[in-house]
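If you're matching them up, the sequences are chains A and B in order. With the first letter of the first sequence counted as 1, position 142 gets the number 142 in the numbering used here; the numbers rise by one all the way through. With the first letter of the second sequence counted as 1, position 20 gets the number 1020 in the numbering used here; the numbers rise by one all the way through. For every residue, glycine included, the Cβ atom is placed at its ideal position computed from N, Cα and C.
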Amino acid sequence: MLDNLKILYHQGKQFIPNVKTAKVPGIFRGRPIISTQKVNETELANLCPMHAISSNPVAIDLGKCTFCGECALQYPEKIKFTTDYKISTNERERLIVKEGDDFAIEVNPAAVRKEIRQIFGKSLKLRQVSAGGDNSCEWELNAANNVQFDMSRFGIEFVASPRHADGIAITGPITQNMAKALEIAYNATPDPKVIVLVGTDAISGGIFAGSPALDRSFLENHKVDLYIPGNPTHPLTIINGLLDLTRKKR
Amino acid sequence: MNYISIKNNQTVPIADIPVLDYQQFRETNISLLIKHSDRHCVNYFGYAQGNSIKLICCIADDSTHEICISSCIVDPSKKFESMSSKLLCFERFERELSENFGITFVNHPWMKPVRYSYNRADKSSVMDNYPFFNIDSEELHEVGVGPIHAGVIEPGHFRFICNGEQILHLEIQLGYQHRGLEDLFLQKKNLLQRVTLAESIAGDTVAGHTSAFCYLWESLSGCDPKPEIDFYRTLALELERIAIHTGDLSAICTDIAYQLGSSVFGRLRTPIINFTQEWGGNRLSKGLIRPGKTQFPFTKELGDRLNEVLNTYEPDFNEMCTELFKLPSALSRLERTGIVSYEDVLSIGTVGMSARMSGLTRDIRTSHPYALYPQLNHEPILKHHGDVYSRAQIRREEIWQSMSYIRQLLKNIPKSKTNYDMPNKLQPNAFSISLVEGWRGEICHCAITDSDGDLAVYKVKDPSFHNWLALALAVRNNEISDFPICNKSFNLSYCGHDL
Ligand code: SF4
Chain A
1 MLDNLKILYH
11 QGKQFIPNVK
21 TAKVPGIFRG
31 RPIISTQKVN
41 ETELANLCPM
51 HAISSNPVAI
61 DLGKCTFCGE
71 CALQYPEKIK
81 FTTDYKISTN
91 ERERLIVKEG
101 DDFAIEVNPA
111 AVRKEIRQIF
121 GKSLKLRQVS
131 AGGDNSCEWE
141 LNAANNVQFD
151 MSRFGIEFVA
161 SPRHADGIAI
171 TGPITQNMAK
181 ALEIAYNATP
191 DPKVIVLVGT
201 DAISGGIFAG
211 SPALDRSFLE
221 NHKVDLYIPG
231 NPTHPLTIIN
241 GLLDLTRKKR
Chain B
1001 MNYISIKNNQ
1011 TVPIADIPVL
1021 DYQQFRETNI
1031 SLLIKHSDRH
1041 CVNYFGYAQG
1051 NSIKLICCIA
1061 DDSTHEICIS
1071 SCIVDPSKKF
1081 ESMSSKLLCF
1091 ERFERELSEN
1101 FGITFVNHPW
1111 MKPVRYSYNR
1121 ADKSSVMDNY
1131 PFFNIDSEEL
1141 HEVGVGPIHA
1151 GVIEPGHFRF
1161 ICNGEQILHL
1171 EIQLGYQHRG
1181 LEDLFLQKKN
1191 LLQRVTLAES
1201 IAGDTVAGHT
1211 SAFCYLWESL
1221 SGCDPKPEID
1231 FYRTLALELE
1241 RIAIHTGDLS
1251 AICTDIAYQL
1261 GSSVFGRLRT
1271 PIINFTQEWG
1281 GNRLSKGLIR
1291 PGKTQFPFTK
1301 ELGDRLNEVL
1311 NTYEPDFNEM
1321 CTELFKLPSA
1331 LSRLERTGIV
1341 SYEDVLSIGT
1351 VGMSARMSGL
1361 TRDIRTSHPY
1371 ALYPQLNHEP
1381 ILKHHGDVYS
1391 RAQIRREEIW
1401 QSMSYIRQLL
1411 KNIPKSKTNY
1421 DMPNKLQPNA
1431 FSISLVEGWR
1441 GEICHCAITD
1451 SDGDLAVYKV
1461 KDPSFHNWLA
1471 LALAVRNNEI
1481 SDFPICNKSF
1491 NLSYCGHDL
């Protein structure tokens, strides 16, 4: 017992006091900034393994981007990744960062259903469903609840049963073999409920987009409430995204 | 000779691999393995050649450091005597061949679907009609768990047959994660896309699978990886081992409701993966490893930072380990729980940690050396009880070992940054194999090129492919409440298996 207390004492305070302003160490590929410098746009677009870069004007779709960093390494004057990890939004188009853009990616409050903020403003319980996820976003979702990121201090937690949940957090490109289980879990969740897509694979299929082993029809039939990009998503991106969706701005 | 012997990361013309008739092929591979605990099957797969299927079997010999490759062409409409009837380690490979190509293997003990691949031979076999083993008994009951589990983990279905609280039998149905990954390696023509695929095989083994892909690619294109590239990969692989092992110790503590251990190990993983991010911009080393180049130079400053990270990690880690490994209430849950015997791990052919827990040396770092392991004089860590406790101990000791390797590596940081031109053309009509010891165990990638020098076959094998059966055996006669801790102590990959 005493030893346990000693360890507790040695550990000190581990939690990140402010998840909105915390700095990530070293280099990190968060929200990109694209300069207006002239480059060969076709070459740049062809370089991207995910076809996430479009031209005229040059833009990066963070819903497709795997944050591999290749474009920034090859065209350092054109593309820079900032350490801004707040890149979640509720509108798919907002994930497209255009040449010259340098503003935060945010949730559009006008497009958030009223009941989300009324009912989930202080507490949000999510059932996570991995549907072909490679276990990287799953690791980061778990990390969001460790003693450092401590997401549960905001009343946001993952629960075991969809019947106890206020929504579904999906990771992975949604495989055929998992499509039915996902639908069942979603149907078992009581209304009102949210759908959150976590990671590039979930948002666009990622590198698996177009694979015949996928079945993404779930997303055609249901409206998505929050897109959290990343490969994998950083815990701070997850927490800020969920807070942004559920909390009223003061 | 009935087979050709090659080294790890060696490329040979496909024509050099002897083609046997099935009878010979079967006998050759069985006789290679029988009574040879130092040999095991690292990969056995097939691919279509016109209307026939070409089978390729790769048996690694840990004593000679060679891999014996043999092949055979079969007509999938015919019936073949299974190899598993003699050696259980072929069990899942034959199931895969049967599922993908419709080959009938007679006298196979357990012919069931493996992953329900989208292009399987029999489309009438679907997830919902998986032929579970069941029992007609008034006394026994069945418990079904999954595909969606209580925690934030990947999907798989577990079907238990229990006598009261005691598990008599567990059957594991996988395939939910199948993304058609191996075929995408052929469809995506761009090297960067292919590396991205390798990074996505299993997101917790990015360094492991991406290194295997890169070594394979470099071997096929005939360029030798330079020493600094080996340095980066060894470093990334050992950092990954520390990070995931630490996280697993946390998960083990969670499942025995030891909150302090769960929190402390959980938070100790963070500085390690944060360091990976400081170096390459991603906590799970995505984007870090590329064929023929060093994407992010490893500077002296990064070396100092890493030493600093390890020096603050170590005392906290040791303090927590000392407490956990002497706490009677914890030990009573770990010791003699989920045992797999030496005989069993040998016969089912487990690899990596899941073999070393029961005294079977399977470690590619010594048996089929690559990267900088020869100069680190790696010695595998062995335990002998095959229980959760052994698996926890291996993690603790491998973390110590990895830290000492990293410190040795950091004494001699090679000059960076070098870019080598990666020839986009691979050697045509060639076969290559790459083995890497990931934190779970041996990763095996095989590739075959066509006459134009493009990929014609890409085969991935995650260690979990061998090891899932070990988990099913481990829980027998245990209480069902001990299933979570048995499962976590193996921490096998669903997506790595399902591909
Ligand atoms: S970082 Fe994103 S946009 Fe840039 S090359 Fe990689 S995937 Fe494409």
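Item: Given A:Phe120, which residues of its chain have a CB within under 6 Å of its CB, disregarding the five upstream and five downstream residues?; Value: Asp166, Thr246
Item: Got a sec, what are the start and stop residues for the beta strand (DSSP E) B:Ile1067 sits in?; Value: 1066 to 1074
Item: Which residues in chain E have a C-beta closer than 9 Å to the C-beta of B:Cys1495? List them in chain order.; Value: Looking at the structure shown, chain E is missing, and the protein chains on hand are A and B.
Item: For A:Cys71, is the beta carbon positioned less than 7 Å from some heavy atom of the ligand SF4?; Value: yes
Item: Give me whichever residues DSSP pairs with B:Pro1013 in a beta bridge.; Value: B:Ala1430
Item: A:Ile239 and A:Val97 look like a contact to me (Cβ under 8 Å); what is the Cβ gap, rounded to whole Å?; Value: Their Cβ separation, rounded to whole angstroms, is 21 Å, which puts A:Ile239 and A:Val97 out of contact at 8 Å.
Item: Could you tell me the boundaries of the alpha helix (DSSP H) in which B:His1497 lies?; Value: 1494 to 1498
Item: Can the beta-carbon of A:Val147 be found less than 8 Å from the beta-carbon of B:Arg1267?; Value: yes
Item: Tell me the rounded alpha-carbon separation between B:Gly1441 and B:Met1353.; Value: 6 Å
Item: Assign B:His1040 to one of three DSSP states: helix, strand, or coil.; Value: strand
Item: Is there contact between the stretch 1008 to 1016 of chain B and the stretch 224 to 239 of chain A, where contact requires at least three CB pairs shorter than 8 Å?; Value: no
Item: Using a Cβ cut-off of 9 Å, pull out every chain B residue sitting near A:Cys71, in sequence order please.; Value: Correct list: empty, because the minimum Cβ distance to chain B is about 10 Å.
Item: From the DSSP output, in three-state form, read off A:Asp244 for me.; Value: helix
Item: With a cut-off of 8 Å, does the C-beta of A:Glu183 fall near any C-beta of chain B?; Value: no
Item: With a CB to CB cut of under 6 Å and the five nearest residues on each side skipped, what residues in its chain are close to B:Asn1043?; Value: Cys1058, Cys1444, Cys1446, Lys1461
Item: I want to verify the contact list: residues of chain A whose CB lies under 9 Å from the CB of B:Ser1200, in sequence order.; Value: Thr66, Asp134, Ser136, Asp201, Gly206, Ile207, Phe208, Asn231
Item: Look at the alpha carbon of B:Ile1201 and the alpha carbon of B:Gln1193, and state the distance between them as a whole number of angstroms.; Value: 13 Å
Item: Answer yes or no: do B:Leu1197 and B:Lys1189 have a C-beta to C-beta separation smaller than 8 Å?; Value: no
Item: Would you mind stating whether B:Asn1478 and B:Val1351 have Cβ atoms separated by less than 8 Å?; Value: no
Item: How far does the beta strand (DSSP E) with B:Ile1030 in it reach, from first residue to last?; Value: Segment 1022 to 1033 is the alpha helix (DSSP H) holding B:Ile1030; no beta strand (DSSP E) there.
Item: My parser needs the alpha helix (DSSP H) runs of 4 or more residues fully inside the stretch 63 to 143 of chain A; what are they?; Value: 70 to 74, 114 to 120
Item: Less than 7 Å separating the Cβ of A:Ala45 from some heavy atom of the ligand SF4?; Value: no
Item: May I have the straight-line CA-CA distance separating A:Arg250 from A:Ile87, to the nearest angstrom?; Value: With a pLDDT of only 41 at A:Arg250, under the threshold of 50, the placement of this residue in the model should not be trusted; the figure read from the coordinates follows. Roughly 20 Å between the two C-alpha positions.
Item: Report the option in A:Ser130, A:Gln74, A:Lys125, A:Gly199 whose CA atom is closest to the CA atom of A:Cys48.; Value: A:Gln74
Item: Closer than 7 Å between beta carbons: that is the criterion. Which residues of the stretch 1246 to 1269 of chain B meet it against chain A?; Value: Leu1260, Ser1263, Val1264, Gly1266, Arg1267
Item: Are the C-beta of B:Glu1154 and some C-beta of chain A separated by less than 8 Å?; Value: yes
Item: In chain order, what residues of the same chain lie with their CB nearer than 7 Å to the CB of B:Leu1220, ignoring the 5 residues before and after it?; Value: Thr1011, Leu1426, Gln1427, Ala1430, Ser1432, Ala1447, Thr1449
Item: Where does A:Pro25 sit, in a helix, a strand or coil, going by DSSP?; Value: coil
Item: Cβ atoms of A:Ser211 and A:Gly63: under 8 Å apart, would you say?; Value: no
Item: Tell me whether B:Val1143 is buried or exposed, calling it buried when 16 or more other Cβ atoms sit within 10 Å of its Cβ.; Value: exposed
Item: For B:Thr1210, which three-state DSSP category applies?; Value: helix
Item: Can you pull out the residues from the stretch 150 to 170 of chain A whose beta carbon lies closer than 9 Å to at least one beta carbon of chain B?; Value: Phe158, Val159, Ala160, Ser161, Pro162, Ala169
Item: Which runs of the beta strand (DSSP E), 3 residues or longer, sit entirely within the stretch 1100 to 1147 of chain B?; Value: 1104 to 1106, 1141 to 1145
Item: Please report how far the alpha carbon of B:Phe1133 lies from the alpha carbon of B:Trp1400, in whole angstroms.; Value: 42 Å
Item: What do you reckon, are the CB atoms on B:Val1345 and B:Gly1303 nearer than 8 Å?; Value: no
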